[in-house]
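Notes to accompany the following structure.
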Amino acid sequence: MMDTKEIQKLIDYISKSDLAEVNIETAELKLHIKRNSSQTFVQSAPVQMAPPLPAPVQVAEKAPEVAAPAVPVAAPVVPSNLIEVKSPMIGTFYRAGGPGKSNFVEIGDEISEGKVVCIIEAMKLFNEIESEVSGKIVKILVDDATPVEYDQPLFLVDPS
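Numbering (the numbering used here), first residue to last: -13 to 146.
Right under this line is the structure:
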């Protein structure tokens, strides 16, 4: 069964995509996500074999909730001569191929197009991420064994 973190990652991934609506149905879960023009609505419910018991009714008067306006977050400024190597998926970022193995790249390493720079684990699958650019690693933007989002910058590369 999907846990809350996995559902949140899925929602984040879908909100960054061009999809307007997604339906996922498994034996344990039904998930329906529909995006309107500026808002994303999520509806999920576990699949139940027996009818649910009626919930106790409780009436309470409460003030209407007012949503705070969204404040855009400024992206970090990247010097114009540097290129970002970004994550192609949501998952967990690993700098090495396994415990006790050396890191794929270090700051100052020269890389070429197609060189494996890290691994991202997504749903128990370990995906080797290859560089799409050639150059020198200037900065590693993500700590080892931390979660990353789709399109999140992982490395800064100086192509000169």
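For glycine and all other residues, C-beta sits at the position ideal for the given N, C-alpha and C.
Next item on the list: Alpha carbon to alpha carbon, how far is E7 from E118? Give it in angstroms, no decimals.
Entry: 31 Å
Next item on the list: Could you check if I10 is buried or exposed, using at least 16 other CB atoms within 10 Å of its CB as the buried criterion?
Entry: exposed
Item checked: CB contact below 8 Å: K87 versus chain D -> In summary, chain D is missing from the structure at hand, where a single protein chain is found.
Next item on the list: Using beta-carbon positions only, say whether E96 and K122 come within less than 8 Å of one another.
Entry: yes
Check: So, are the CB atoms of T78 and E114 less than 8 Å apart?
Finding: No, these two residues do not count as a Cβ contact at 8 Å.
Check: I think I76 touches Y(-1), with their Cβ atoms under 8 Å apart; what is that distance to the nearest whole Å?
Finding: 5 Å
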